[in-house]
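Residue numbers (this note's numbering), protein chains in the order written: chain A, 1 to 466; chain B, 467 to 753; chain C, 754 to 1058. For every residue, glycine included, the Cβ atom is placed at its ideal position computed from N, Cα and C. Since we're looking at a predicted model, the values are computed, not measured.
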Amino acid sequence: MKGKKLWGFGMAAVMLASMFTGKISAEASGDKDVVTALLPPVSATYQDKINSYVEAFNKENPGIEIQVTTASWEDVTQKLDVQVNAGSPPDIAFIGSDGLSKYVDSGMAVDISKYADEEMMADFDQDILNYFKNGDGMYGFPAYCEVQCIGGNRQFLEEAGIDWKKVQEEGWSYDEFREAINNGVVKDGDDVSRYGFLFACAGVTAKDYFSIFVRNAGMPSAFDKDLKYSYTSTKMLDFLTDLRALIDDGAMPKELGSIDAGKRWNMFLTGQTMITGKGLSSFEKSARDNNEKLKNSDSSAVENSIEVDYIVLPVPVFDGGEQQAYGAVDGYICLTGERNPDEEHLKNVAKVAYYLASGERAAQTCQELYLNPICESGRKAYDELSPIEGKNEDNTKAVQTLLTQVGEARPDIPAELSANAIKIEDEVIVPKFQGLLAGEVSPEEMYQAIKDAAYERFGEDGCVNN
Amino acid sequence: MGLYKNYGKNQRYRKILRNLLLALLLITIAALTIFPIYYMVISSFGAPTEAAGASYSLIPKNFTLDSYKFFFGYSKYSFRWILNSLIVASTVTVSNVVFASLAGYAFAKLRFPGCKFFFFLLLVAMMVPYQVTQVPLYILVVNVLKIQDTYTALIAPTLITCYNVFLAKQFFTSLPTSIMESAKIEGCSQPMIVWKIVVPLSKTILSVMAIMTFLGEWNTFFWPFLVSNQEYMQTIQVGLKNFSFANTTYFAPMMAGATISALPMFILFFSLQRYFLEGVTVGAVKG
Amino acid sequence: MQYPLEREKTMANKKHKLKKDALWGYVFILVPLTTFIIFTLYPVISAAITSFQHYKPLKTTWVGFDNYVSTFKNALFYKALKNTLVYTVFAVPISMFLSFSISLFILPFKKRVQTIFKAAFYLPAIASGVALSFVWKWIYDPMPTGLLNSILHIFGISSQNWLGSSKTAMASLIIMAVFSGLGTSIIIYIAALLGIDSTYYEAADIDGASFFQKVRYVVWPMVKPTTVFLAITGVINGFQSFQNAYLMTGGGPDNATTMAGLLIFNRAFKYFEYGEACAQALILAAIIAVFAVFQFKLSANDVEY
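Here is the structure:
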């Protein structure tokens, strides 16, 4: 009984203490202008580096103090979205540019073109900077443009008779691709021991497969130049039929719809697939790290893995389409929850956002992700970094080519139209596509469902009909 | 033991046979439920590789403590996270056991104007999904009270949960009203009845409530994640999630973290087991 | 036989006692009710108000019943409600039946053995959330090397695409839910079982009751409040759940596992249509309430509420 009472007292003491420590932590930062930023671990060492970036900035700008909050990739959007709904977002947040219109529509995004200096805006490649524009406003700075494509196992590609260097330079058509991945299949009796192609499609990631490939099928965006919804085009039906054929051929596993990103990479490293998706440039590094471990017979190498040379490959071009690359442009958006924000503060916010997106920061982040910087100051700083050892030059060249093919940004699409397109994507396209991959929905049914949903939201006149 | 048949001496083998069969069944189910925790522990001793290297195997291939070092070396706040979780979970547990049982008793055994209404309100509030109540709650705590990054913010919303009030009420309902009546006639005041009769009779459920509350609070992620911006105010679950990096996850260290964070729960469970096995019955008190 | 005056006196006495009890009732619920009003009721009321608004943090406008109207016009909302209903209607009773049986089976053992079993059933689900999600992915791995598939192979059954096919996806999620929630129900049930006085069993023994008769006529009525608690909280959790479905299947294939909770979540955060999210949430809460009232009514026969 005595022990229990003591415990109770202890708890009460802790409770009291907690109230006090709570108060202390809310110390004011003096008369410095505080700029808050919510950031995910952009690259593997970003979290370590961000502190020194912030320190350097705070030293250089005694009037401004950056306060950083970090959150994992899965949760960062959740936190930001609650904060935005509550009307108290951080000043700066790291987002994918595809989410831009939603924050603009919420009324919380700040058009920083009025507050940022001309040189800041001129520093960036304009095509990429456009990804952070909506209508006439510019709402942030891009950190990088990550080309998302597919990647192959060099040895297997060569065994299947694929001239991958030529593909890297000139791209390939759907028919060439289909033949290639069929050649890549290896059978062990009736069981397939190696698939020609595998794309992680579990759950919501099915969306990646759809959106990365659909660009090369003549539908680079959900809306064409006249702002008509483009996925109702008959090209969509052909595209879906073509994708389904890859599974029916046996070149892709029929369980595609429940293979997640981890499993897909595991199957690539263990030699169970020739071409994998989605492919990022940094996979070259992951594969090489594992090769290194295999060589040293390090037990932390992936179990049953084999030595793999990762080769960057472009997405095949479908009938009626042209070569395009899917570029994921991520960066720093500026937000405010104030009705009448202080101009001086917004200038500081723009300054911090630019600081994070440019120069050394951009160079280091890009190098770690095996990307090329997208701003002049970043490229300058990049050249001064010690180059990556053993980087595959062919891959570097291929990524550079792809970067020039990244589809243009569409700031002309009004927020309301994109909101409707996103809903169709979430509620019709992705679910039906999952059904298509599982063999439960035919391409015709899916196409019809997209058409029905689009006609309902945009009217027949608002859609492409050919 | 009244529910099961008491076999006489010459039928002992039947009792053994019965218990053996039951044990076999329970062990089979236990093997299934224990599996994840077994997997967690063995994976935590693996090398700190990325998630694609997550070995799906039943037997550990190698043994290293690297992941534990990695976890504690990862942030200077690793210990602080555990301490924060301890403070939050303990406070919430104590306040729930005390106040939820008081309220539960009031709703179960006392009649006062509005008691049905208040109880109904409690239940209805539980039915509104969290997705839409978290925004007003966030506005209240962060925008109005301005108490983010404090223990108060972490603790306050779960100080007394409707779930526990409901649980307590349901249990106290089945306590016989007659003992309380006779205690009242003997001049016992309501607080005395709670202390001398209800609490001793409900040790089992109160310790179950304590454990469930502590473990629930220990595991909760989203709310602490929302209201803690500073690393030193994060709880262990929020800190653990930081192991997920850009496109990879450090699998073994994550499991090591999970194992470390599970330890206090085990300690609490086994230290409270005495209470939840006693099974105090009315007969025991009367007798 | 009492004199009228004396009788009046006892009545007054009783009334006085009742008043005092009522006072204590208010004292006991004071603190819980205060925190409840601030941290639970206020957000609920705020959400209810928002359901009649077109909510934008900086410029909110009143729209009357628009949010409700558009919800009722949304075909996907009905499909999600149906999925949620199927999920709950299967997961809750199965989980309760299993946990009740397991709790009964644990009883004849020695205290120490009981603890070990309780720990084995309860702790894993609680203590290893991260590991659990990995293990379930492994179990439902669609390739022949998946855990469940390799077991089925032993019996000559071919590989199933557990989460990828609309035939098995929902069932897979229900099994996962049942297993994950079992531990909590078991320890609550055991607490209830241990509170049953042995005199009841003795009385039943005298009547020559069999094991099943004792379960039916002694145990079942005695644990009824617990059963009601588990049923109602189970229904609440079931109707609100969406995270597992979202993580494991993303709602697919073809919306076969899209839950109402996911739609609410998407409205509130993915599309920033917080007003409509609130409307959907309140509709869902109303459905849960109907279920809860139904359950209370069903069980009200011999237990007083």
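Self-check item: Simplified DSSP assignment, three categories, for Gln196 (chain A)
Solution: To locate residue 196 (chain A), count along the first sequence from 1; it is residue 196. According to the sequence as given, residue 196 (chain A) is Gly; it is not Gln. Strand.
Quiz item: Is the shortest distance between the beta-carbon of Pro846 (chain C) and the beta-carbons of chain B less than 8 Å?
Solution: Taking the first residue of the third sequence as position 1, residue 846 (chain C) is located at position 93. Not a single C-beta of chain B is nearer than 8 Å to the C-beta of Pro846 (chain C).
Quiz prompt | Under 8 Å (Cβ pairs) to chain C, residues found in the region 569-596 of chain B | solution = When CB distances to chain C are screened at a threshold of 8 Å, the residues of the region 569-596 of chain B falling below it are Ala569, Tyr571, Ala572, Phe573, Leu576, Arg577, Phe578, Pro579, Cys581, Phe584, Leu587, Leu588, Leu589, Val590, Ala591, Met592, Met593, Val594, Pro595 and Tyr596, in chain order.
Quiz item: Out of curiosity, what's the CA-to-CA distance linking Met658 (chain B) and Leu487 (chain B)?
Solution: As a working mapping, residue 658 (chain B) is identified with position 192 in the second sequence. As a working mapping, residue 487 (chain B) is identified with position 21 in the second sequence. Going from the Cα of Met658 (chain B) to the Cα of Leu487 (chain B) covers about 46 Å.
Quiz item: Taking the alpha-carbon positions, what's the Ala722 (chain B) to Ile943 (chain C) distance?
Solution: Start at 1 with the first residue of the second sequence, and residue 722 (chain B) comes out as number 256. Start at 1 with the first residue of the third sequence, and residue 943 (chain C) comes out as number 190. Straight-line Cα distance between these residues: approximately 32 Å.
Self-check item: Which listed residue (B:Ser510, B:Ser737, B:Pro719 and B:Asn695) has its alpha carbon closest to that of Thr70 (chain A)
Solution: Translated into the one-based positions of the first sequence, residue 70 (chain A) becomes position 70. Ranking B:Ser510, B:Ser737, B:Pro719 and B:Asn695 by Cα distance to Thr70 (chain A) puts B:Asn695 first.
Quiz item: Run through DSSP, which three-state label would Glu170 (chain A) get?
Solution: Residue mapping note: residue 170 (chain A) aligns to position 170 of the first sequence, counting from 1. Reduced to three states, the DSSP call for Glu170 (chain A) is helix.
Practice problem: Quick one: residues in its chain with C-beta nearer than 6 Å to the C-beta of Ala12 (chain A), no 5 flanking neighbours on either side, listed in chain order? | Solution: Start at 1 with the first residue of the first sequence, and residue 12 (chain A) comes out as number 12. Caution applies to Ala12 (chain A), whose pLDDT of 48 falls short of 50 and renders its modelled position unreliable; the value that the coordinates give is listed next. Close CB contacts of Ala12 (chain A) within its chain, under the 6 Å cut and outside five residues either way in sequence, are absent.
Quiz item: What residue range is occupied by the uninterrupted alpha helix (DSSP H) comprising Val866 (chain C)?
Solution: Within the third sequence, residue 866 (chain C) is the residue found at index 113, counting from 1. Note, Val866 (chain C): alpha helix (DSSP H), Lys864 to Ala880.
Quiz prompt | Amino acids of chain B, ordered along the chain, whose beta-carbon sits closer than 8 Å to that of Val82 (chain A) | solution = As a first step, residue 82 (chain A) is located in the first sequence; it is residue number 82 there, counting from the start. The contacting residues are Gln600, Val601, Tyr604 and Leu692.
Quiz item: Taking C-beta to C-beta, are Gly151 (chain A) and Ile311 (chain A) nearer than 8 Å?
Solution: Within the first sequence, numbered from 1, the residue matching residue 151 (chain A) stands at position 151. Within the first sequence, numbered from 1, the residue matching residue 311 (chain A) stands at position 311. Result yes, Cβ atoms of Gly151 (chain A) and Ile311 (chain A) sit closer than 8 Å.
Self-check item: Residue span of the alpha helix (DSSP H) that contains Met896 (chain C), given as start and end
Solution: Counted from its first residue, the third sequence places residue 896 (chain C) at position 143. Premise fails: Met896 (chain C) is in no alpha helix (DSSP H) and is neither H nor E.
Practice problem: Run the CB neighbour count on Glu416 (chain A), radius 10 Å, all protein chains shown included, and call it buried at 16 or more, exposed below. | Solution: Looking up residue 416 (chain A) in the first sequence gives position 416. Under this definition Glu416 (chain A) is an exposed residue.
Practice problem: Using alpha carbons as the reference points, say which of A:Gln168, A:Gly189, A:Pro253 and A:Gly257 lies closest to Lys207 (chain A). | Solution: Locating residue 207 (chain A) in the first sequence gives position 207, counting from the first residue. It is A:Gly257 whose Cα lies nearest to the Cα of Lys207 (chain A).
Quiz prompt | Own chain residues within Cβ distance below 8 Å of Cys471 (chain A), not counting five before or after | solution = No answer is possible for residue 471 (chain A): the residues shown for chain A start at 1 and end at 466.
Practice problem: Would you kindly report the start and end of the unbroken alpha helix (DSSP H) that includes Glu119 (chain A)? | Solution: Reading the first sequence from its first residue, position 119 is the one you call residue 119 (chain A). Residues Glu118 to Asp123.
Exercise. Verify the CB distance criterion: does Ala622 (chain B) have a CB-CB separation below 8 Å to chain A?
Key: Residue 622 (chain B) sits at position 156 when you count from the first residue of the second sequence. With respect to chain A, the C-beta atom of Ala622 (chain B) has no partner C-beta closer than 8 Å.
Exercise. Residues of the region 99-121 of chain A with a CB closer than 8 Å to any CB of chain C: list them in chain order, please.
Key: Listed by position, the residues of the region 99-121 of chain A near chain C (Cβ gap below 8 Å) are Lys102, Asp105, Ser106, Gly107 and Met108.
Quiz prompt | Enclosing alpha helix (DSSP H) for Tyr795 (chain C) [first to last residue] | solution = Reading the third sequence from its first residue, position 42 is the one you call residue 795 (chain C). Unbroken alpha helix (DSSP H) run through Tyr795 (chain C): Tyr795 to Thr803.
Quiz item: Taking the DSSP output, what are the residues bridged to Pro142 (chain A)?
Solution: For the purposes of this step, residue 142 (chain A) is taken as residue 142 along the first sequence, with counting starting at 1. Pro142 (chain A) pairs with A:Gly331.
Quiz item: In the region 887-901 of chain C, which residues sit with their C-beta less than 8 Å from some C-beta in chain A, listed in chain order?
Solution: Cβ contacts with chain A come from Lys890, Tyr893, Asp894, Pro895, Met896 and Pro897.
Quiz item: Quick one: what does DSSP say Ile92 (chain A) is sitting in, helix, strand or coil?
Solution: On the first sequence, position 92 is the one that residue 92 (chain A) refers to. Annotated three-state conformation of Ile92 (chain A) is strand, per DSSP.
Exercise. Look up Asp188 (chain A) in the DSSP assignment and say whether it is helix, strand or coil.
Key: Reading the first sequence from its first residue, position 188 is the one you call residue 188 (chain A). Under the three-state reduction of DSSP, Asp188 (chain A) is assigned to strand.
Quiz prompt | Residue span of the alpha helix (DSSP H) that contains Gly977 (chain C), given as start and end | solution = Residue numbering aside, residue 977 (chain C) sits at position 224 when the third sequence is read from its first letter. First, the residue type needs correcting, since residue 977 (chain C) is Lys and not Gly in the sequence shown. The continuous alpha helix (DSSP H) containing Lys977 (chain C) extends over residues Lys977 to Gln993.
Self-check item: Within the region 672-701 of chain B, ranges of the alpha helix (DSSP H) (whole runs, at least 4 residues)
Solution: Listed in chain order, they are 688-693.
Quiz item: So which residues of chain A does Tyr753 (chain C) contact, with C-beta pairs closer than 7 Å?
Solution: The structure shown does not extend to residue 753 (chain C), since chain C spans only 754 to 1058, so no value can be given for it.
Exercise. Using a Cβ-Cβ cut-off of less than 8 Å, list which residues of the region 807-827 of chain C approach chain B; keep chain order.
Key: So nothing in the stretch comes that close.
Practice problem: Could you tell me which residues DSSP pairs with His807 (chain C) in its beta bridges? | Solution: The residue given as residue 807 (chain C) occupies position 54 in the third sequence. Under DSSP, the beta-bridge partners assigned to His807 (chain C) are C:Thr814.
Quiz item: How about Asn562 (chain B): is its C-beta nearer than 8 Å to some C-beta of chain A?
Solution: Mapped onto the second sequence, residue 562 (chain B) falls at position 96. It does not; no Cβ of chain A falls within 8 Å.
Exercise. Can you give me the Cβ contacts of Leu356 (chain A) inside the same chain, cut-off strictly under 6 Å, excluding the 5 residues immediately before and after it?
Key: By one-based count along the first sequence, residue 356 (chain A) stands at place 356. Excluding its 5 nearest sequence neighbours in each direction, Leu356 (chain A) has C-beta neighbours in its own chain below 6 Å: Tyr332, listed in chain order.
Exercise. Could you please give the first and the last residue of the uninterrupted beta strand (DSSP E) stretch that includes Asp33 (chain A)?
Key: Walking along the first sequence from the start, residue 33 (chain A) turns up at place 33. Its beta strand (DSSP E) spans residues Asp33 to Leu39.
Quiz prompt | Start-to-end residues for the alpha helix (DSSP H) that takes in Tyr505 (chain B) | solution = Stepping through the second sequence from its first residue, residue 505 (chain B) is reached at position 39. Element bounds for Tyr505 (chain B): Arg478 to Ser510.
Exercise. Return the CA-CA distance between Thr979 (chain C) and Gln636 (chain B), expressed in angstroms with no decimal places.
Key: Here the question's residue 979 (chain C) lines up with position 226 in the third sequence. Here the question's residue 636 (chain B) lines up with position 170 in the second sequence. Going by the C-alpha atoms only, they are around 6 Å apart.
Quiz item: Under the three-state reduction of DSSP, which class applies to Ala718 (chain B): helix, strand or coil?
Solution: Within the second sequence, residue 718 (chain B) is the residue found at index 252, counting from 1. Ala718 (chain B) falls in the helix class under three-state DSSP.
Quiz item: In this structure, what does DSSP give as the bridge partners for Ala229 (chain A)?
Solution: Residue mapping note: residue 229 (chain A) aligns to position 229 of the first sequence, counting from 1. Position check: residue 229 (chain A) holds Tyr in this sequence, whereas Ala was assumed. Answer by DSSP bridge pairing, in chain order: A:Phe223 and A:Cys463.
Quiz prompt | Pair within 8 Å by beta-carbon distance, Glu697 (chain B) and Val554 (chain B) | solution = In the second sequence, counting from the first residue as 1, residue 697 (chain B) sits at position 231. In the second sequence, counting from the first residue as 1, residue 554 (chain B) sits at position 88. Against a cut-off of 8 Å, the Cβ pair of Val554 (chain B) and Glu697 (chain B) comes out as no contact.
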